[in-house]
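Residue numbers (the numbering used here): 268 to 499. Heads up, the thing below is written out as C-alpha cells.
Quick look at the structure:
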C-alpha cells in the first residue's frame with residue numbers, strides 16, 4: 268500500500284487536533300470552530316501542503332472535506348490517483364479507497380485515529396478545551412497573516428515538540444489556515460469555500476469506489492508508521 272494515505276490521514280488528524288476549538292484569543296479560536304462544529308454538516312475545499320525534511324520542494328494535495336459532527340467525515344483528494352477516506356460512526360466503518368491500487372481498505376470505526384473519533388463523537392469536548400491561545404502573526408505564502416498559536420498540551424496529548432497555529436478567514440471568520448510544525452517538517456492546511464448546512468446528508472459519507480472494488484483489511488498502524496507515531 269502506498270504511503271500517500273499517511274499524508275492525507277495524518278494531515279486530517281492534525282487538523283482535527285486543532286479543531287478543539289469573541290473577546291479573548293481563546294474565544295476567537297473557539298468561536299471560529301464552533302460555527303463549523305455546531306452545524307449538522309460542514310463542507311470545505313482543502314489544500315494540504317507538507318515541507319520536505321530534506322530541503323526539497325513541498326508536496327501539495329488538494330481535496331474536499333465533508334464533516335458531519337456526531338456522525339462522521341469524508342475526505343476525497345482531487346489529485347489524479349488520490350485517495351479517499353471515510354470514517355462513519357453510525358456504520359462503524361473506517362474506509363480508505365486507493366484508486367491507483369483499485370482497492371478499498373476496511374477497518375472498524377474503533378481503529379480510526381482517536382482524535383478524529385473524538386472530533387466526530389464529542390465536538391463539545393473540543394470546544395470546551397483549554398487552548399491557551401495567544402495572538403501570533405506568521406508569514407504564509409509570502410504574506411503576513413494574523414492568527415493564534417495554540418498550546419500543544421491543549422490537544423489532549425503530550426506533544427511538546429509540536430507547534431499548532433490557526434488563522435480565521437478575514438471575511439467569514441471561519442477557519443482558514445491550520446499549521447502544525449515539528450522539528451522535522453511543517454504541514455499547512457488551508458480551508459476554503461466553507462458551506463454550513465442546516466441539515467446533514469449521510470449520503471455524503473458514501474465512499475466513491477466503484478461497485479465491486481476488491482477489499483482488504485486496513486491496519487491503521489501501517490498508515491501512521493511513516494509519521495513515526497501510531498494512532499492512540
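C-beta atoms are modelled at their ideal positions from N, C-alpha and C, and glycine is treated no differently.
query	result
I think residue 371 touches residue 462, with their Cβ atoms under 8 Å apart; what is that distance to the nearest whole Å?	Contact flag wrong, Cβ pair sits at about 27 Å.
When the Cα of residue 468 is compared with those of 303, 297, 309, which residue comes out closest?	309
Among 446, 453, 459, which one has its Cα closest to the Cα of residue 440?	459
Any idea what DSSP makes of residue 482, helix, strand or coil?	strand
Output the distance between the C-alpha atoms of residue 482 and residue 373, rounded to the nearest integer angstrom.	7 Å
Tell me which residues share the same chain as residue 484 and place their Cβ nearer than 8 Å to its Cβ, disregarding the 5 neighbours each side in the sequence.	372, 373, 374
Can you give me the C-alpha to C-alpha distance between residue 403 and residue 382, rounded to a whole angstrom?	25 Å
Going by CA-CA distance only, name the one from 400, 296, 453, 478 that's closest to residue 321.	453
Hey, is the stretch 324 to 342 in contact with the stretch 301 to 315, meaning 3+ C-beta pairs nearer than 8 Å?	yes
Taking the alpha carbon of residue 387 as the reference point, which residue from 340, 409, 418 has its own alpha carbon closest?	340
Which same chain residues, not among the five before or five after residue 412, have their C-beta less than 8 Å away from its C-beta?	404, 405, 406, 434, 444
In three-state DSSP terms, what is residue 235?	As displayed, the chain neither begins before 268 nor continues past 499, which places residue 235 out of reach and without an answer.
Using the Cβ count rule (16 or more neighbours within 10 Å means buried), how would you classify residue 486?	exposed
Looking at the unbroken beta strand (DSSP E) that takes in residue 361, where does it start and where does it end?	360 to 365
Measure the Cβ-Cβ separation of residue 429 and residue 416 and say whether it is below 9 Å.	no
Measure the C-alpha to C-alpha separation of residue 364 and residue 474 and round it to an integer number of angstroms.	7 Å
Ends of the alpha helix (DSSP H) at residue 293?	292 to 304
I'd like to confirm the pairing. Which residues does DSSP put opposite residue 463 in its beta bridges?	309
If I'm right that residue 442 touches residue 299 with Cβ under 8 Å, what's the distance once you round it to whole angstroms?	5 Å
Within its chain, find whatever has a CB closer than 6 Å to the CB of residue 421; leave out the 5 residues flanking it on each side and keep chain order.	Reliability of the predicted coordinates at residue 421 is poor, the pLDDT of 48 falling under 50, and no value is obtained from them.
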